[in-house]
Ligand code: GDP
Ligand code: IMO
Ligand code: MG
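Numbering (our numbering), first residue to last: 17 to 449.
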């Protein structure tokens, strides 16, 4: 039962794309299960550098079936331009399938994301403006349009008519914006449908078949645990679940079928958009991590806030997801710091908190308590074995492993596939020979 979920363990951009691209070599199926084109997953391999927003990072292996699962919200324009980009680089997308249950991002979702953000004023979430909040709100309000609706133009037209009537009331009466034309939206989405329909399937059957045959399946997470609408820094969160639990629903496989849950952690912490994180460094050290790490969003280009590794948040992430494997990425970015710090607890007035608080008004008041470790001078980018890392880097990773309470299987020391140290092979899960 080699099903492995790859989950962002922090606030997103942990390097999930790199890890999935690397592991996908052994996978028969790779499934994206949540989020939409708010995600930006960077893959650097022999085909070039790609920032994938919707297409699973297994697409570079022609033998691997790639599925955009029911839990994903699809902006057809983004998807089709991503397909074009891949095809122009000689990468086939004949192995790409779309769940008929996946919700579609419609033009009104994009408008409403912007209007809602503007109306929040100083409390804006800092969304990616990709329509994510509005599309998932419609999904649970049972007002969504799904990929399967595109299979029949009549069904699609009826559904769109009903929904657009309501959406135009919201746009005009609540926000004083212009209404959208049914004809325009309909014809635009019919054009998208022409190209999307050949990829649309009942994908849960495809995944189940692979599981029955004992073929390795990868579940590719988007965003990160602390952006989860239940367990993240609500309301500064996204709108679909990036968690291991979300993988089960968003891919359409039972939780008992998920064999391993791999948490992807950066060796430090970043966050893009609004919302607190206690170990944020608003000083030269934070600037230096941002510059060395080129910490700017893959999707929006916004600068990411940077800070030391937060072990309180990391432990919480391990608990909520049930991680039984972990990857530490971007260890190389910490090369050359005289010392490195780990936030081991939060001070709140006279109290010390060991658990991640559920309320952001409390999180905002938390002061980090740090453990300081010696840094390393020798660059780690060319290291391929744990024992060849500088002693201080080994000590740092070992300490992280103790804090996150989960074995570290993979250490990433650079953005390319090869810049990887396989510490504890994922043999049991069929992902390493
Ligand atoms: P994702 O959203 O989790 O897939 O992560 P992003 O792609 O948004 O951001 C991660 C960034 O780190 C990308 O630019 C990757 O190419 C890069 N990256 C991944 N692993 C490493 C690593 O170990 N070292 C360095 N220097 N860069 C890495
Ligand atoms: P990947 O998959 C980092 C953040 C946004 C914002 C909040 C809500 O690349 O790790 P949304 O547009 O989802 O309504 O925005 O969530 N966010 C991400 N941050 N990485 C991501 O994805 C993100 N997807 C959303 O910046 O703070
Ligand atoms: Mg990203």
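All C-beta atoms in this analysis are idealised placements derived from N, C-alpha and C, irrespective of residue type, glycine included.
Proximity to residue i [Cα-Cα], best of the options
{"i": "residue 144", "options": "195, 79 and 69", "result": "69"}
{"i": "residue 108", "options": "343, 72 and 123", "result": "72"}
{"i": "residue 198", "options": "338, 184 and 192", "result": "184"}
{"i": "residue 422", "options": "410, 378, 331 and 355", "result": "331"}
{"i": "residue 63", "options": "256, 227, 76 and 394", "result": "76"}
{"i": "residue 226", "options": "24, 322, 91 and 42", "result": "42"}
{"i": "residue 105", "options": "115, 87, 65 and 95", "result": "65"}
{"i": "residue 195", "options": "138, 123, 255 and 264", "result": "123"}
{"i": "residue 430", "options": "322, 24, 34 and 23", "result": "34"}
{"i": "residue 377", "options": "338, 249 and 208", "result": "249"}
{"i": "residue 24", "options": "323, 211, 333 and 372", "result": "333"}
{"i": "residue 318", "options": "287, 228, 347 and 174", "result": "287"}
{"i": "residue 342", "options": "388, 219 and 437", "result": "437"}
{"i": "residue 79", "options": "46, 241 and 50", "result": "46"}
{"i": "residue 282", "options": "304, 410 and 322", "result": "322"}
{"i": "residue 165", "options": "324, 284 and 208", "result": "208"}
CB of residue i within 8 Å of CB of residue j, strictly
{"i": "residue 433", "j": "residue 61", "result": "yes"}
{"i": "residue 19", "j": "residue 235", "result": "yes"}
{"i": "residue 167", "j": "residue 216", "result": "yes"}
{"i": "residue 328", "j": "residue 362", "result": "yes"}
{"i": "residue 289", "j": "residue 151", "result": "no"}
{"i": "residue 55", "j": "residue 84", "result": "no"}
{"i": "residue 359", "j": "residue 390", "result": "no"}
{"i": "residue 81", "j": "residue 103", "result": "no"}
{"i": "residue 126", "j": "residue 149", "result": "no"}
{"i": "residue 237", "j": "residue 50", "result": "yes"}
{"i": "residue 92", "j": "residue 120", "result": "yes"}
{"i": "residue 246", "j": "residue 293", "result": "no"}
{"i": "residue 88", "j": "residue 291", "result": "no"}
{"i": "residue 428", "j": "residue 388", "result": "no"}
DSSP bridge partner residues for residue i (one or two, in chain order)
{"i": "residue 387", "result": "358"}
{"i": "residue 319", "result": "312"}
{"i": "residue 66", "result": "59"}
{"i": "residue 159", "result": "Answer is none; residue 159 lacks a bridge partner."}
{"i": "residue 326", "result": "359"}
{"i": "residue 277", "result": "21"}
{"i": "residue 296", "result": "323"}
{"i": "residue 282", "result": "345"}
{"i": "residue 436", "result": "428"}
{"i": "residue 11", "result": "Nothing about residue 11 can be read from this structure; the chain reaches only from 17 to 449."}
Alpha-carbon to alpha-carbon, residue j and residue i
{"i": "residue 454", "j": "residue 412", "result": "As shown, the chain starts at 17 and ends at 449. That puts residue 454 outside it, with no answer to give."}
{"i": "residue 27", "j": "residue 273", "result": "26 Å"}
{"i": "residue 345", "j": "residue 244", "result": "21 Å"}
{"i": "residue 21", "j": "residue 270", "result": "13 Å"}
{"i": "residue 29", "j": "residue 313", "result": "8 Å"}
{"i": "residue 100", "j": "residue 115", "result": "20 Å"}
{"i": "residue 308", "j": "residue 401", "result": "23 Å"}
{"i": "residue 448", "j": "residue 39", "result": "At residue 448, the pLDDT of 46 sits below 50, so the modelled position is not reliable; the number obtained from the coordinates is stated separately. If you take the alpha carbons of residue 448 and residue 39, they lie about 8 Å apart."}
{"i": "residue 251", "j": "residue 141", "result": "7 Å"}
{"i": "residue 366", "j": "residue 382", "result": "11 Å"}
{"i": "residue 295", "j": "residue 364", "result": "14 Å"}
{"i": "residue 31", "j": "residue 280", "result": "7 Å"}
{"i": "residue 153", "j": "residue 255", "result": "8 Å"}
{"i": "residue 161", "j": "residue 337", "result": "30 Å"}
{"i": "residue 57", "j": "residue 190", "result": "35 Å"}
{"i": "residue 399", "j": "residue 86", "result": "39 Å"}
{"i": "residue 210", "j": "residue 408", "result": "56 Å"}
{"i": "residue 405", "j": "residue 350", "result": "13 Å"}
{"i": "residue 204", "j": "residue 97", "result": "15 Å"}
Where residue i falls: helix, strand or coil (DSSP)
{"i": "residue 264", "result": "helix"}
{"i": "residue 425", "result": "strand"}
{"i": "residue 378", "result": "helix"}
{"i": "residue 82", "result": "strand"}
{"i": "residue 337", "result": "helix"}
{"i": "residue 225", "result": "helix"}
{"i": "residue 307", "result": "helix"}
{"i": "residue 183", "result": "helix"}
{"i": "residue 34", "result": "helix"}
{"i": "residue 119", "result": "strand"}
{"i": "residue 20", "result": "strand"}
{"i": "residue 351", "result": "coil"}
{"i": "residue 366", "result": "coil"}
{"i": "residue 203", "result": "helix"}
{"i": "residue 449", "result": "Bear in mind that the predicted position of residue 449 carries a pLDDT of just 42, short of 50, making it unreliable; the figure below should be weighed with that in mind. If DSSP states are grouped into helix, strand and coil, residue 449 belongs with coil."}
{"i": "residue 193", "result": "coil"}
{"i": "residue 112", "result": "strand"}
{"i": "residue 236", "result": "strand"}
{"i": "residue 288", "result": "coil"}
{"i": "residue 400", "result": "coil"}
Cβ of residue i within 8 Å of any chain C Cβ
{"i": "residue 152", "result": "You won't find chain C in this structure, because it holds only one protein chain."}
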